[in-house]
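Note that the numbering used here has the sequence shown beginning at 114, numbered continuously upward.
Ideal Cβ positions, reconstructed from N, Cα and C, are used throughout, including at glycine.
A short write-up of the structure that comes next.
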Amino acid sequence: MTATAGFPDGPYGVWRGQVFRVATAGPGRVVLTVLHGDPVPAGFQARANGRVVGKVAESELFERFSLSTYGLVDGERYLVTGEDGDRLQLSWTGRDAVRARELGLTVYERTGFFGSATRAELVALWQQRTETARADDVRSDADRPLRTEAELRQAISAAVIASVPPPWRAVDLEFREVGGHAELICRSVGADGAARFWSPHPAVSQAFGELRTTSAASERGVWLAAALRVRPDGSPGGISHDDETTWFVPPPIAALDTEISRHPRPEDARPAWWRALTNNRR
């Protein structure tokens, strides 16, 4: 499997149902940058560098989150920091300098351990989505834009098609989330049957997160993991759920607590990985 170019890492915000790149613009204000191919809201202006931006009150955001891209190489987890030619630039997530040298990494004692790998060396690639603020914290939930399950599935399909590199005949997506900690894996399948990792438009994980809440009426909580296939004609396949998922980076205990506060679930509805993380105490 290979990874495609382009990693949309960074901070984002959701304003009026649309995802934007976000940056602070002073006390209580933020600058929103329109993502490539997305509609331009009224009042936003183009800058000399080609970006289209607008300023809004931070309190108008429904949610803020950050995206990071990680990869597995020979069983080791790395943050993908960029791409240089045919090699991915990697920052090892481990902390043992001796082990880093064994892996052939460049060691900078104060800043970390760095290396590179070809796309073909990747065992896996995923987006990690970390929620930094949401409606409960930054604005009234009563103003939250609502989309139906069908609309959200179509939004996922549209965002995938807009950002998947050609050629492809199908895209398989796996998404898991608990308490604002999420992982998204995307694999495109080419005409030759080869699968390739890639990092999608930020709207994909956003729509998946919203899709979870459509099942919030359940007394056993919302689903924690789902899989979906998208085809070139834009029709998303059925969604399958399996809460007994496997995390690349297990969620912190705080995320489990947040999940319970938002979507209560009885102990017998908590999967094995959840019970293992909490030593069966939660």
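query = Apart from the five residues on each side of it in sequence, which residues of its chain come closer than 8 Å, Cβ to Cβ, to A275?
reply = Along the sequence shown, read from residue 1 onward, the residue named residue 275 stands at position 162. Contacts found: G150 and H314.
request  = Under the assumption that V132 contacts L148 (Cβ atoms under 8 Å), give the Cβ distance between them as a whole number of angstroms.
outcome  = As a first step, residue 132 must be located in the sequence shown, where it is residue number 19. As a first step, residue 148 must be located in the sequence shown, where it is residue number 35. Confirmed, about 6 Å.
inquiry  = Which residue marks the beginning of the alpha helix (DSSP H) containing G322, and which one marks its end?
reply    = Walking along the sequence shown from the start, residue 322 turns up at place 209. Going by DSSP, G322 is part of the alpha helix (DSSP H) stretching over P315 to T326.
query = Which same chain residues, not among the five before or five after V144, have their C-beta less than 6 Å away from its C-beta?
reply = Here the question's residue 144 lines up with position 31 in the sequence shown. Answer for V144: A136, A138, V166 and K168, listed in chain order.
request  = Take the Cβ of I366 as the centre, count every other Cβ of all protein chains shown within 10 Å, and call the residue buried at 16 or more, exposed below.
outcome  = Stepping through the sequence shown from its first residue, residue 366 is reached at position 253. By the 10 Å Cβ count, I366 comes out exposed.
task = Determine the DSSP secondary structure at I352, reduced to helix, strand or coil.
result = Your numbering for residue 352 matches position 239 in the sequence shown. Three-state DSSP puts I352 in coil, outside helix and strand.
request  = Tell me whether D381 is buried or exposed, calling it buried when 16 or more other Cβ atoms sit within 10 Å of its Cβ.
outcome  = Within the sequence shown, numbered from 1, the residue matching residue 381 stands at position 268. Its Cβ having fewer than 16 others within 10 Å, D381 is exposed.
query = Straight-line CA distance for A230 to L201?
reply = For the purposes of this step, residue 230 is taken as residue 117 along the sequence shown, with counting starting at 1. For the purposes of this step, residue 201 is taken as residue 88 along the sequence shown, with counting starting at 1. So the two alpha carbons sit approximately 5 Å from each other.
query = Under the rule that 16 or more other beta-carbon atoms within 10 Å means buried, what is L238, buried or exposed?
reply = For this step, residue 238 is matched to residue 125 along the sequence shown. So L238 ends up on the buried side.
task = Rounded to whole angstroms, what's the CA-CA distance from V211 to V220? Just pull it up for me.
result = Taking the sequence shown and counting its residues from 1, the one referred to as residue 211 is at position 98. Taking the sequence shown and counting its residues from 1, the one referred to as residue 220 is at position 107. Their backbone Cα atoms lie some 9 Å apart in a straight line.
ask   = Would you call the region 349 to 362 and the region 332 to 339 in contact, with 3 or more CB pairs under 8 Å?
value = yes
query = Do you know offhand how far R309's Cα is from P140's?
reply = Along the sequence shown, one-based indexing puts residue 309 at 196. Along the sequence shown, one-based indexing puts residue 140 at 27. So the two alpha carbons sit approximately 43 Å from each other.
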